[in-house]
Amino acid sequence: MPQKNALYVVATPIGNLSDISLRALEILEKVDVIAAEHPQNSKHLLAKHSIHTKLISLHQHNEAAMCEKISALLASGKNVALVTDAGTPGISDPGAILVKHIRSHDYPVIPIPGATAAVCALSAAGIVNPHFLFYGFLPTKSGLRKRELTALQSHTYTLVFYEAPHRIVESITDMIDIFGSKREITIARELTKLFETFHSGTLESSLSWLQSDANQQKGEFVLLVSGTEIADQSEIDDQAKHTLQCLLSELPLKQAVKLTADITRKNKNALYQLALQLKTTDT
Ligand code: SAM
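The numbering used here puts the first residue of the sequence shown at 1, with every later residue one more than the last.
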């Protein structure tokens with residue numbers, strides 16, 4: 001039986017309706033109320049598993065307002081499950097505001113784990129780098145998107161993005177602009193669904209692949225982009241490091257790196273990574 005006064009954060013499938021745990025089904029059946037992002041969408045899943053629990057609506061635009069209502073339900077001894085349209089609540093989805101509110105009122109918040117598109121994609125992509133950085137959705141406007149990509153440019157972890165079908169081509173084009181054409185990408189499309197597709201290649205070849213077949217631009221996407229290669233810093237001698245330190249104290253990071261590379265003829269990428277390390281140890 002679910003615990004009284006508790007909020008359950010329940011992961012639901014990202015496509016295939018069978019991808020849900022036995023524990024999730026039991027909780028959804030036995031709680032007093034399910035708060036769903038779009039009750040109409042959740043009805044499908046609940047009907048498949050013959051669950052008839054009362055549904056209320058909690059979405060991006062009413063989440064803050066619903067916090068009081070849900071804590072009142074918990075205060076009256078009821079229990080509530082939170083679900084979103086697909087996957088794990090709080091992951092590029094509503095949930096965090098409610099969870100924070102309920103925790104601040106000292107009611108138990110209990111996660112019921114399950115599908116999440118990012119981890120599903122990573123699990124079957126064959127990427128050997130064990131580190132990844134989950135970003136989620138990039139900004140929709142190209143200028144802001146490029147600014148975010150620039151901030152991510154020097155990360156060595158695999159970068160994980162969510163993207164909508166109508167922006168997939170634009171976003172990869174911007175990635176080529178900022179990361180260069182040769183970085184590796186895995187495009188994971190329509191995971192757990194009929195047209196599930198994995199495509200890996202350079203950013204440039206993957207963009208051509210997408211553009212050559214409009215069908216491949218449809219559906220839901222996770223993009224896994226390799227991080228920048230760890231540059232060999234062994235060639236940076238004390239003289240180059242000293243030059244970089246001096247310039248960093250006077251100039252913005254990028255300018256200091258560029259000038260140091262020009263003056264010392266050392267590898268710019270290696271200097272960039274060293275500059276980031278120096279900045280971090282400075283603060
Ligand atoms: N909470 C979800 C999760 O745990 O993954 C994410 C919800 S977010 C609003 C929806 C985005 O997740 C989609 O635009 C897509 O980028 C990604 N996504 C969700 N389901 C997917 C699927 N079956 N295949 C590929 N990407 C998916």
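Ideal placement from N, C-alpha and C gives every residue a C-beta, glycine not left out.
Heavy atom of the ligand SAM within 7 Å of Glu250 beta-carbon: No, the Cβ of Glu250 stays beyond 7 Å of every heavy atom of the ligand SAM.
Note the first and the last residue of the continuous alpha helix (DSSP H) segment covering Leu17. Here Leu17 belongs to no alpha helix (DSSP H), and DSSP marks it neither H nor E.
4 or more residues per run - each alpha helix (DSSP H) lying fully within the region 184-249: Every unbroken stretch of the alpha helix (DSSP H) spanning 4 or more residues and falling wholly within the region 184-249 is given here in chain order: 203-211, 238-248.
Which runs of the alpha helix (DSSP H), 4 residues or longer, sit entirely within the region 90-128? Within the region 90-128, the complete alpha helix (DSSP H) runs of at least 4 residues are 96-104, 117-125.
Proximity winner among Leu45, Ala36, Gly77, relative to Asn62 (alpha-carbon distances): Of the listed residues, the one whose Cα sits closest to Asn62 is Ala36.
Nonlocal neighbours in the same chain, by C-beta distance under 7 Å from Gly77, ignoring five residues either side: Scanning its chain for C-beta atoms nearer than 7 Å, with the 5 sequence neighbours on each side dropped, one finds around Gly77 the residues Lys4, Asn5, in chain order.
Between the beta-carbon of Phe132 and the beta-carbon of Ser92, is there less than 8 Å? No.
Host beta strand (DSSP E) of Val80 (start-end): Looking at the DSSP string, the run of the beta strand (DSSP E) that includes Val80 is 80-83.
Below 6 Å CB to CB, which residues in the same chain sit around Gly90 once its five sequence neighbours on both sides are set aside? Contacts found: Ala96.
How is Gly143 classed by DSSP in three states: helix, strand or coil? Helix, per DSSP.
Pull the bridge partners of Leu55 from the DSSP assignment, please. Ile34, per the DSSP bridge assignment.
Measure the C-alpha to C-alpha separation of Tyr135 and Glu250 and round it to an integer number of angstroms. Rounded to whole angstroms, the separation of the alpha carbons of Glu250 and Tyr135 is 32 Å.
On a CA-only basis, which of Gly227, Glu220, Leu73 is nearest Ser154? Give me that one, please. Answer by Cα proximity: Gly227.
Closer than 7 Å: Phe221 CB and nearest the ligand FAD heavy atom: Judged by which ligands are present, the ligand FAD is missing from the structure shown, whose ligands are the ligand SAM.
Whole-Å CB distance - Gly219 paired with Trp209, under 8 Å assumed: 15 Å between Cβ atoms; not a contact.
Distance cut-off 7 Å: Leu191 Cβ against heavy atoms of the ligand SAM: For the ligand SAM, at least one heavy atom lies less than 7 Å from the Cβ of Leu191.
As a quick exercise: from Ile56, Asp32, Asp19, pick the residue whose alpha carbon is nearest that of Leu45. Restricting attention to Ile56, Asp32, Asp19, the CA atom closest to the CA of Leu45 is found in Asp19.
Out of Val31, Leu149, Leu55, point me to the one whose CA is closest to Leu74's CA. With distances taken between Cα atoms, Leu74 lies closest to Val31.
Integer-rounded CB distance, given that Thr260 should sit under 8 Å from Gln239: Not a contact, Cβ separation roughly 10 Å.
Starting from Thr158, trace the alpha helix (DSSP H) in both directions and tell me its first and last residue. Element bounds for Thr158: not the alpha helix (DSSP H) but the beta strand (DSSP E), 158-163.
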